[in-house]
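Enquirer:
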Amino acid sequence: MSVDKVVADPEDAIADVPAGASLAVGGFGLCGIPGVLIHALLERGAGGLRVVSNNCGVDDWGLGLLLRAGLISRMTSSYVGENKEFARQYLHGELEVELVPQGTLAERLRAGGSGIPAFYTPAGAGTWIEEGGLPWRYSADGSVTVASPPKETRVFDGRDHLLEEGITTDFALVRAAAGDRHGNLRFHSSARNFNPLAAMAGRVTIAEVEELAEPGELAPDDIHLPGIFVQRVVPVAPGDPRAEKRVERRTVHMEA
Numbered sequence: 001m002s003v004d005k006v007v008a009d010p011e012d013a014i015a016d017v018p019a020g021a022s023l024a025v026g027g028f029g030l031c032g033i034p035g036v037l038i039h040a041l042l043e044r045g046a047g048g049l050r051v052v053s054n055n056c057g058v059d060d061w062g063l064g065l066l067l068r069a070g071l072i073s074r075m076t077s078s079y080v081g082e083n084k085e086f087a088r089q090y091l092h093g094e095l096e097v098e099l100v101p102q103g104t105l106a107e108r109l110r111a112g113g114s115g116i117p118a119f120y121t122p123a124g125a126g127t128w129i130e131e132g133g134l135p136w137r138y139s140a141d142g143s144v145t146v147a148s149p150p151k152e153t154r155v156f157d158g159r160d161h162l163l164e165e166g167i168t169t170d171f172a173l174v175r176a177a178a179g180d181r182h183g184n185l186r187f188h189s190s191a192r193n194f195n196p197l198a199a200m201a202g203r204v205t206i207a208e209v210e211e212l213a214e215p216g217e218l219a220p221d222d223i224h225l226p227g228i229f230v231q232r233v234v235p236v237a238p239g240d241p242r243a244e245k246r247v248e249r250r251t252v253h254m255e256a
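All the letters of the sequence shown, read from the start, carry residue numbers 1 to 256 under our numbering.
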């Protein structure tokens, strides 16, 4: 029996995302971000979101739109350096932030999606990540109100390792270059870095796809994420400005 997961309207696809929900959001910088779904969330206005994503977009694009609107209460990220509003909210006690080494964040999402509750890694051993005390939330006067807890440690082959917990979220929002009606997805280049992992971690995963394929049109070897991890597929309408692909930082080389 065929299972058609296509939801034509992005607003309908995210309609059951409540205030306070946890979200895993794909993307790497501004590459492969689910801009259409992010805009739908922005228009809906559900706040208190707890977001897990490699970064938080920039001030006027990607997750930065939700942040600027005050809809995000907590971020779990590995990089936040391109967003001035992010820094302002964090330093003024408006946003809780858990910074995680990038490889550890990727593995925590993969582990959660694979049913693995925790794993050991040498990343962060001997640092504040292990010792605890990293500021997660400041108060308005600059004092630390929430700090990271210390990590459980264990020695393997004479080397310290930290216990890290897998991440699962209520929903996941991802973007794929192509997907079929069964939810099988193909990603392009750097968009593959975090999108498959975020999709695995979500209990309900919503994928916006640039190309909608019929079942069987995607070759098995071209599928990067099987449809078992995806519950809803949203085709991106041609020319939709919410699906714009931006360059995060353009550099040029000039001959001397």
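No residue lacks a Cβ here, since even glycine has one placed at the ideal position from N, Cα and C.
Just so it is clear, the structure is predicted and the values come from calculations on it, not from any experiment.
#1: Give me whichever residues DSSP pairs with W61 in a beta bridge.
#2: Out of curiosity, what's the CA-to-CA distance linking A199 and R181?
#3: For V7, which of L30, G20, A24 and V36 has the nearest alpha-carbon?
#4: Let's see if you can read the secondary structure: which residues bound the beta strand (DSSP E) around L95?
#5: So, under 8 Å CB-CB, V209 and A178 are touching, yes? Tell me the CB distance rounded to an integer number of Å.
#6: Is it right to say T145 is buried, meaning 16 or more other beta carbons lie within 10 angstroms of its own, or is it exposed?
#7: Would you call the CB atoms of E261 and F119 closer than 9 Å?
#8: On a CA-only basis, which of G132, L66 and F28 is nearest H39? Give me that one, please.
#9: Could you round the C-beta distance between G183 and A207 to whole angstroms and report it? I think they count as a contact, below 8 Å.
#10: Would the segment 238 to 251 count as touching the segment 11 to 31 if we require 3 or more Cβ pairs under 8 Å?
#11: Using the Cα positions of H161 and G126, report the straight-line distance between them to the nearest angstrom.
#12: Whose CA, out of V252, G45, R242 and S22, lies closest to the CA of D60?
#13: Mark H253 as exposed unless 16 or more other C-beta atoms lie within 10 angstroms of its C-beta, in which case mark it buried.
#14: Would the beta-carbon of A123 fall within 9 Å of that of P117?
#15: Alpha carbon to alpha carbon, what distance is there between E11 and V236?
#16: Using only CA atoms, which one of Y79, A69 and I223 lies nearest to V100?
#17: For a quick check, are the C-beta atoms of R68 and E98 less than 9 Å apart?
#18: L23: buried (16+ other C-beta within 10 angstroms of its C-beta) or exposed?
#19: What did DSSP end up calling S190 once you bin it into helix, strand or coil?
#20: Give me the residue from F187, K5 and I228 with the minimum Cα distance to A13.
#21: DSSP three-state label for V6, please.
#22: Give every residue of the same chain whose Cβ lies closer than 8 Å to the Cβ of T153, excluding the five residues on either side of it in the sequence, and list them in chain order.
#23: Looking at R192: is its Cβ nearer than 9 Å to the Cβ of H224?
#24: How many Å lie between T205 and A140 at the Cα?
#25: The alpha helix (DSSP H) spanning P196 covers which residue range?
Expert: So, from the data block:
#1: V58
#2: 16 Å
#3: V36
#4: Careful: L95 lies outside any beta strand (DSSP E) and carries neither H nor E.
#5: 6 Å
#6: exposed
#7: What the structure shows of the chain is the stretch from 1 to 256, and residue 261 is not part of that stretch, so it cannot be assessed.
#8: L66
#9: 7 Å
#10: yes
#11: 9 Å
#12: R242
#13: exposed
#14: no
#15: 12 Å
#16: Y79
#17: no
#18: buried
#19: helix
#20: K5
#21: strand
#22: A125, E130, D160, H161, L162 and L163
#23: yes
#24: 36 Å
#25: N195 to A201
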